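Have a look at the structure below before the remarks.
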Amino acid sequence: MPASRELPWDKSLQLLLVGIVVFNAIPHYFDIPMWASALAAVLLFWKFMYLHRGLWRPPKQVIWGIALLASGCVVLEYRTLIGQDAAASLLVILASCKLLETNRYRDAMFVVFTSYFLLMTHLLFSQSLLSTVFMAIDVLLITTLMFHIHKRDRRTSARSFRPIMRTMLLALPVWIFLFIAFPRFSAGFWNMKTDPKNNIGFSESLDPGGVSEIAGSEETAFRVDFNDGVRPNPEFMYWRGAILTVGDGLKWKIDRAQNTDRIIQEKPTEKPIQYEVLLEPTFRRWLFVLDYPGDIQISPKLSRLFIRRKQGFIFESGRELMSRISYQGTAHLRAERQTLSLDEKQALLELPELDPRVSNIVAKIDNDAKLRPRGTRAEKISSAALKYFAEQKFRYTLKPGPLAGRDGATQLAEFLFTTKRGFCEHYAAAFATLMRASGIPSRVVLGYQGGKENEFGDYLLVRQMDAHAWSEVWDDEASRWFRVDPTSVIAPLRLRIGGDYNLLEEEQIAQNMSEEEVRRRLNGGFGRFGIRLALAWDAVQMKWNAFLNDYDFEFQQSLLARIGLHGVARWMLFIGVAIVMTAFV
Numbered sequence: 002m003p004a005s006r007e008l009p010w011d012k013s014l015q016l017l018l019v020g021i022v023v024f025n026a027i028p029h030y031f032d033i034p035m036w037a038s039a040l041a042a043v044l045l046f047w048k049f050m051y052l053h054r055g056l057w058r059p060p061k062q063v064i065w066g067i068a069l070l071a072s073g074c075v076v077l078e079y080r081t082l083i084g085q086d087a088a089a090s091l092l093v094i095l096a097s098c099k100l101l102e103t104n105r106y107r108d109a110m111f112v113v114f115t116s117y118f119l120l121m122t123h124l125l126f127s128q129s130l131l132s133t134v135f136m137a138i139d140v141l142l143i144t145t146l147m148f149h150i151h152k153r154d155r156r157t158s159a160r161s162f163r164p165i166m167r168t169m170l171l172a173l174p175v176w177i178f179l180f181i182a183f184p185r186f187s188a189g190f191w192n193m194k195t196d197p198k199n200n201i202g203f204s205e206s207l208d209p210g211g212v213s214e215i216a217g218s219e220e221t222a223f224r225v226d227f228n229d230g231v232r233p234n235p236e237f238m239y240w241r242g243a244i245l246t247v248g249d250g251l252k253w254k255i256d257r258a259q260n261t262d263r264i265i266q267e268k269p270t271e272k273p274i275q276y277e278v279l280l281e282p283t284f285r286r287w288l289f290v291l292d293y294p295g296d297i298q299i300s301p302k303l304s305r306l307f308i309r310r311k312q313g314f315i316f317e318s319g320r321e322l323m324s325r326i327s328y329q330g331t332a333h334l335r336a337e338r339q340t341l342s343l344d345e346k347q348a349l350l351e352l353p354e355l356d357p358r359v360s361n362i363v364a365k366i367d368n369d370a371k372l373r374p375r376g377t378r379a380e381k382i383s384s385a386a387l388k389y390f391a392e393q394k395f396r397y398t399l400k401p402g403p404l405a406g407r408d409g410a411t412q413l414a415e416f417l418f419t420t421k422r423g424f425c426e427h428y429a430a431a432f433a434t435l436m437r438a439s440g441i442p443s444r445v446v447l448g449y450q451g452g453k454e455n456e457f458g459d460y461l462l463v464r465q466m467d468a469h470a471w472s473e474v475w476d477d478e479a480s481r482w483f484r485v486d487p488t489s490v491i492a493p494l495r496l497r498i499g500g501d502y503n504l505l506e507e508e509q510i511a512q513n514m515s516e517e518e519v520r521r522r523l524n525g526g527f528g529r530f531g532i533r534l535a536l537a538w539d540a541v542q543m544k545w546n547a548f549l550n551d552y553d554f555e556f557q558q559s560l561l562a563r564i565g566l567h568g569v570a571r572w573m574l575f576i577g578v579a580i581v582m583t584a585f586v
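Residues in the sequence shown are numbered from 2 upward in steps of one, following the numbering used here.
Have a look at this one:
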């Protein structure tokens, strides 16, 4: 074949092959390990310098050795070669290795088809609107390159690309028809387990610095649509995810032996807030719900997740959430009344051996609480503890620095008496510990607080930077849990502004600026245009995600019913698709 003979001397064509591999590898650089990205970049640059400057090209034995060594490293990294993470890393490296020895028609076609596989692997990581646009452009580029390889005359002109454009236009109806005919699999057919260490999110324990690590990320956690338009003020918008009841000073963790809540039924006095959540994949089991939660409604098609309500008014899936899901929920102004057994109360009072100086703080809080004329004992103790934090000049910071102590009790003493600098997790854990030391059952809640209003889509955008931790205190006289957030006295603007507050510099936080000034610094100038542009794009993404999330076989059946095709079985639909596609081709 003439093309195969010309290929070794056709430098421009080989540069195009390098370009198409680079184009397909770029999206994977954020998903594969850094060493794999670096190795692929070195190999691709080596090929480029070989073509551009005549750099020495290694023999096949060396290339094969690099490929085998890299495969071994992938196995060490993931403990397997099966799965989207391992496959993506291996494909990027092997495609880059193959380019170094590409000098024949067969090699060029291998690179082209590998590029298609790289594209499909990327779609396993993301089905966003941007990824869909990228897919369309990428398919056009790869197919054009494949067409270019088979041309005898490789001179480029508008006329030379007419056949490929005509072919792509003919294929466009096929794409659209297949998209409509084969909806999204509601059972998560294409979802493979991804390594959680590559994903941003909470763990099942609270250590100083754990929440602050994700509070600088603008990655979307979930989006919320308030169905009736009624929503609480931002400072009262708490999204609970996990309850930590085993406390060790500043270190807390989940107790897996929790029971169910024993609710005291009472007639509701206010209309509940209704909302719908579109939750991004978390690779955890928690569903985030608005405080104080009532119940949630899950589509029957998500029954495979075995979602259940657990103690602490939280909702948990029976398996990790590796795909986008939606659910509806209700929220009330206060927690439901319930009963706690003596054993449960005792467990919620357990403490490690604390520094003797902590007893002095507890005594001061108790004395202050006795001087308060109104409220239950739990309310008086909580108010006195908040007053202590406000008077002792504690500071809110995303960079509190490491604490020297190894155990939570030692870290608590260092935080209370030495550093006095911390993020929400420090204050929530310290407050809950002081409550227990005062004889008040308490726990720590992990979740999100606030969110960003998207005026283009009329919904709430909750990002990882809205991650938050707060405390809950048991009121024995009222038979209820009530929320106490120490951040409200340390950095009240964090609650009113939301996660954007974390974008401020340390010096700006220390200046105690007014809310108006903070908002002007965060949203003023040219940056406001960028923020509005990002929100507009997110509104489009929200519609696309909602469409993909809803477009399953049930939605398809309702769509067919609208055009008069009632009760069409799947096998009938598949046969019809095959007949129509054959006739079209």
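Glycine included, every Cβ here is placed at the ideal spot set by N, Cα and C. Keep in mind that this is a model prediction, so the values were computed, not measured.
What's the call for Val75, buried or exposed, on a 16-neighbour Cβ count within 10 Å?
buried
Assuming Arg497 contacts Glu219 under a Cβ cut-off of 8 Å, what Cβ separation, rounded to an integer in Å, is found between them?
The Cβ separation is near 19 Å, so there is no contact.
Give me the Cα-Cα distance between Asp226 and Thr377, rounded to the nearest whole angstrom.
36 Å
Boundaries of the alpha helix (DSSP H) in which Lys252 is found, first to last residue
That residue, Lys252, is in no alpha helix (DSSP H); its beta strand (DSSP E) goes 252-254.
Sequence-distant residues of the same chain with beta carbon closer than 7 Å to Glu337, five excluded per side:
Ile264
Touching or not, the region 413-424 and the region 357-372, by the rule of three or more beta carbon pairs under 8 Å?
yes
Take the Cβ of Lys198 as the centre, count every other Cβ of all protein chains shown within 10 Å, and call the residue buried at 16 or more, exposed below.
Annotation note: pLDDT 42 at Lys198 (below 50); position unreliable, coordinate value reported separately. When all chains shown are included, Lys198 counts as exposed.
Given this structure, state the Cα-to-Cα distance separating Gly1 from Thr133, to the nearest angstrom.
Outside the displayed span of the chain (2 to 586) sits residue 1, for which this structure offers no information.
Residue ranges of each beta strand (DSSP E) run of no fewer than 3 residues wholly in the region 209-235, ordered along the chain?
221-227
If we call anything under 7 Å between Cβ atoms a contact, is Leu251 one with Ala96?
no
My assumption, with CB atoms under 8 Å, is that Gln542 sits in contact with Ala222. Please give the rounded CB distance.
Incorrect: roughly 14 Å between the Cβ atoms, too far for contact.
Beta carbon proximity, Leu288 to chain B, threshold 7 Å:
Among the chains in the structure shown there is no chain B, since it carries only a single protein chain.
Apart from the five residues just before and just after Leu404, which ones in its own chain have a Cβ nearer than 6 Å to its Cβ?
Pro209, Gln412, Glu415
Can you list, in chain order, the residues of its chain whose CB lies under 6 Å from that of Gln15, leaving out five sequence neighbours each side?
Leu52
Distance, Lys453 Cα to Trp538 Cα
14 Å
Using the Cα positions of Phe483 and Gln393, report the straight-line distance between them to the nearest angstrom.
24 Å
Are there three or more Cβ pairs, one per stretch, closer than 8 Å when the region 489-503 is compared with the region 364-371?
no
Ignoring anything shorter than 4 residues or poking outside the region 292-355, list the alpha helix (DSSP H) runs there in chain order.
343-348
Report yes if the CB atom of Ile297 is closer than 7 Å to the CB atom of Tyr276, and no otherwise.
no
Just checking, does the region 141-150 make contact with the region 19-30 on the three C-beta pairs under 8 Å criterion?
yes
Pairs of beta-carbons, one from the region 505-524 and one from the region 464-478, closer than 8 Å: are there three or more?
no
At which residues does the beta strand (DSSP E) containing Arg481 begin and terminate?
481-485
Helix, strand or coil: which one does DSSP assign to Leu462?
strand
First through last residue of the beta strand (DSSP E) which encompasses Ile244
239-245
Report yes if the CB atom of Tyr428 is closer than 7 Å to the CB atom of Ile510, and no otherwise.
no
Distance, Glu517 Cα to Thr434 Cα
35 Å
So, is Pro164 buried or exposed, given that buried needs 16 or more other C-beta atoms within 10 angstroms?
exposed
Backbone secondary structure at Lys453 - three-state DSSP:
strand
In angstroms with no decimal places, state the Cα-to-Cα distance between Glu507 and Glu380.
33 Å
Please return the same chain residues whose Cβ sits closer than 6 Å to the Cβ of Arg407, not counting the five positions on each side in sequence.
none
So who's on the other strand from Arg263, going by DSSP bridges?
Thr340
Count the other C-beta atoms from every protein chain shown that fall within 10 angstroms of the C-beta of Val63, then say buried if there are 16 or more, exposed otherwise.
exposed
Just verifying my parser: in three-state terms, what is the DSSP assignment at Ala470?
strand
Assuming Ile67 is part of the alpha helix (DSSP H), what are its boundary residues?
61-79
Proximity of Ala438 and Val363 at Cβ, strictly below 7 Å:
yes
Taking three-plus beta-carbon pairs below 8 Å as touching, is the region 107-127 in contact with the region 35-45?
no
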